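Single-structure report; data block below.
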Amino acid sequence: MSRRWRPMCHRPTRRRLRHWTAASCVIFVSSRVSTDCPGSSSESRLMSEVTVIGGGIIGVCSALALQREGIATTLIERGSIGGEATFGNCALMALSEIVPLAKPGVMKKLPGWILNPEGPLAIRPGHLPAALPWLLRFLRNARPHRVAQICRGLGALTAHAQEDFDEVIEAARIENIWAENEVLYLYDKKEQYLADQFSWQLRANEGYHVTELEGSALANLEPDVDSDGKFGLIAHGWRSFTDPQRLTYELAQHFTELGGEILSAEVNRIESTLSKPRRLHFADGSQRDVDKLVIAAGCWAGRLLKDIGIRIPLAPLHGYHTDIADSGVSLSRPVLYASGGFVNTPVESGLRIAGTVEIAPLDAKPNFRRAEVLVEKARRKLFPGLKHTHGSQWIGARPFMPDTLPVIGPAPDVEDTWLAVGHGQLGVTMGPTTGKLVSAMIAGRSPAVDIAPYRADRSYV
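If you read the sequence shown in our numbering, its first letter stands for residue 1339, the second for the next number, and so on.
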């Protein structure tokens, strides 16, 4: 039987929160959710008007936005709130990271990446045949005109990120969760930056500008970073989060305070009748009727979508991080090492060194050598004073579309169903904005952003 989630009466510590799951609260409920506050003894109960599948940042923000609209909402999560890709990301609101992975020149680099299991983009041995259709679409999106279109699509979403985050964080009264930071992009040589002008011009076209730094100005900015001979750029308006999972947890807690319900359950199948979802079937054999449905299940969405006749080219791209508690490195801002393709962020648990893209099956075993390579590069190229190279390692599957644009909007040919998946590396950045778009559509209002570029039935090339 599914279980109801109830927020703890105190703020959890990081350790407790990281291992806490919705299933730790044994309070059973029926398929109806009270519109009163959690804990109410009222007998008045109504069926949830909307059910959201997925308890990552996208699902939580969607459920919260709906509940704030006054729409009775249930959120279903199979594991811990914010425990998958949300937990391990780079902990950034990455406003200007709107240039897709596929861009001009990627075709020349791809063979080397395939042959180098420790490169910035790797394909797990034996997985190439299965990944080939997705890769071909990915490469076709690398043409200049397509990259420009994709940047506009991503930029339209990130343009709302600050305002939308401010709104939900203030409403939820979340404290000490973020710092408004510049981010330092770092190249080994200025020539590498000049060779990357296509990307920087695309960012400038969307209103994202940078300040160039080198020499003593760069050296004085971050004393613990080896800046000798390097070239830097300051991008403004970013934010770094001390703990993305705590952020998601506290937003979920606010959702329940508004009367929302969270169930701990794994959805195995969506049953539909006459092009409309009717019932969810859970792994434990129980069932739950649904009225309206939002699918925000990240990499696990593809299997559920097939149940209702929807196929989208969603692929799991695995990322890695290492959190080093006593690193000996002090950073006043995140450092994005552009020449190495990874990010270094000061977080609550220490220094987070995160990045890489590995194309592999969703259930692939971790190859933590990729995380170790990042730390070794960080020590060799950036942080000569790094005290330790060992820490807490993580692997997570990020849901990617071949055009890097998320899928947001109504499910094609399926009534009362909306999709919010495929945000790739920008899930945290786009969480509140996606939630507002989804809730506006369900409430019958025009969304603040034209959703045409994100429709599920678009051409993925």
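C-beta: ideal position from N, C-alpha, C; glycine also.
Here the structure is a predicted model, which means the values were calculated and not measured.
- By the C-beta criterion, the region 1718-1728 is judged to be in contact with the region 1664-1671, since at least 3 inter-stretch pairs fall below 8 Å.
- With 16 or more other Cβ atoms from the protein chains shown falling within 10 Å of its own Cβ, T1412 counts as buried.
- Cβ atoms of Y1523 and A1573 come within 8 Å of each other, at about 6 Å.
- Residue range W1516 to Y1525 is occupied by the beta strand (DSSP E) that includes W1516.
- In the pairwise beta carbon analysis, the region 1672-1688 is classified as touching the region 1425-1434: at least three pairs are separated by under 8 Å.
- The continuous beta strand (DSSP E) containing N1682 extends over residues F1680 to V1685.
- Each residue's CA atom was taken as its position, placing Q1731 and L1470 some 29 Å apart.
- Per DSSP, the continuous beta strand (DSSP E) segment holding D1661 begins and ends at A1653 to I1662.
- Note on geometry: alpha-carbon atoms of R1717 and H1728 lie some 12 Å from one another.
- In the three-state DSSP reduction, F1738 falls in the strand class (E or B).
- Taking 8 Å as the upper bound for CB-CB distance, A1781 and E1435 are not in contact here, some 30 Å apart.
- If you look at N1606, you'll find it in the beta strand (DSSP E) that goes V1605 to S1610.
- According to the DSSP assignment, K1715 belongs to the alpha helix (DSSP H) that extends over R1707 to K1715.
- By a beta-carbon distance limit of 8 Å, A1499 contacts T1771. Their separation comes to about 6 Å.
- Close CB contacts of C1637 within its chain, under the 6 Å cut and outside five residues either way in sequence, are with P1654, L1700, A1735 and P1737 (chain order).
- S1602: member of the beta strand (DSSP E) spanning E1599 to S1602, first to last residue.
- In the displayed model, E1508 falls within a helix according to three-state DSSP.
- T1586 and G1420 have their C-alpha atoms spaced approximately 6 Å apart.
- Sequence-distant partners of K1568 (beyond 5 residues in either direction) whose C-beta falls short of 7 Å from its own C-beta, in its chain, are L1524, Y1525, D1526 and L1556.
- Fully contained in the region 1529-1599 are the following beta strand (DSSP E) runs of length 3 or more, in chain order: 1548-1552 and 1569-1579.
- Remark: C-beta atoms of P1785 and L1775 approach each other more closely than 8 Å.
- In this structure, DSSP gives L1669 a state outside helix and strand, which the three-state scheme calls coil.
- For W1756, the enclosing beta strand (DSSP E) covers residues T1755 to V1759.
- Look at the beta carbons and you see the region 1386-1404 not touching the region 1558-1566: under three pairs across the two are nearer than 8 Å.
- With respect to the 8 Å criterion, Y1658 and R1708 are classified as neighbours on the basis of their beta carbons.
- Annotation: the continuous beta strand (DSSP E) that includes I1746 extends over V1745 to P1748.
- In this chain, the beta strand (DSSP E) harbouring L1631 covers K1630 to I1633.
- In the three-state reduction of the DSSP assignment, F1721 falls in the coil class, being assigned neither a helical nor a strand state.
- Separation of A1432 and V1632 (C-alpha to C-alpha, rounded to the nearest whole angstrom) is 25 Å.
- Inclusion of V1628 and R1616 in the CB contact set at 8 Å is warranted, their separation being smaller than that value.
- In this model, F1503 and L1601 are separated by some 25 Å (Cα to Cα).
- Taken through DSSP and simplified to helix, strand or coil, Y1675 comes out as strand.
- In this structure, DSSP gives I1488 a helical state, which the three-state scheme calls helix.
- With a 10 Å radius around the Cβ and a threshold of 16 neighbouring Cβ atoms, L1474 comes out exposed.
- In the structure shown, A1460 adopts extended strand secondary structure according to DSSP, grouped into three states.
- Spatial neighbours of A1480 in its own chain (CB-CB distance under 7 Å, excluding positions within 5 residues in sequence) are listed in chain order as A1440, K1441, P1442, V1444 and M1445.
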